[in-house]
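In the working numbering, the protein residues as written are 28 to 163. Just so you know, even glycine gets a beta-carbon here, dropped at the ideal spot from N, CA and C. What follows is a set of notes on a single structure, which appears directly below.
Quick look at the structure:
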């Protein structure tokens, strides 16, 4: 391990000051999906709260979460790369939704993540107008 750091360009004097060195493994898809959804401050929950401020529900299909995790694995960015991928997926809709009162829900699916297809916008149900009673 110290040899790797020397090969990377760090000088031995600096490496000697590191009290603990540990090799880490890449996170697997399932672990990345847990990071996306399970912690109290999970990214999916953070973005859902952001949309909730505009009275819009944000929904991720399971296939979308899998695609986001797969992208992080492919890029080799691990958990830190999840936010960048989420930003790419949600950027355009995050700017459109606040100005649209007709949107109740935004649905993110696999195609949205992989093919950059615009998310599905589910409209609000408009209340049915009650016929007016005729006045006397």
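Kindly indicate the opening and closing residues of the alpha helix (DSSP H) around residue 112.
107-123
Endpoints, beta strand (DSSP E) assigned at residue 85
84-87
Straight-line gap, residue 150 to residue 78 (C-alpha atoms, nearest Å):
14 Å
Taking the beta carbon of residue 140 as the centre, do at least 16 other beta carbons fall within 10 Å, making it buried, or is it exposed?
buried
Quick check: residue 134 and residue 147, are their CB atoms within less than 9 Å of each other?
Yes, these two residues count as a Cβ contact at 9 Å.
Candidates 123, 106, 120: which alpha carbon is nearest residue 70's?
Per the Cα distances, 106.
From 125, 30, 51, residue whose alpha carbon lies closest to that of residue 41
30
Going by DSSP, what residues sit across from residue 7 in a beta bridge?
With the chain running from 28 to 163 in the structure shown, residue 7 is simply not present.
Could you give the DSSP three-state label for residue 49: helix, strand or coil?
coil
Rounded C-alpha distance that separates residue 90 from residue 96
Using only the alpha carbons, I get a separation of about 10 Å.
Please work out which residues of its chain come closer than 6 Å, Cβ to Cβ, to residue 59, disregarding the five sequence neighbours upstream and downstream, and give them in chain order.
The residues are 96, 99.
So residue 117 packs on residue 74, CB below 8 Å; how close in whole Å?
6 Å
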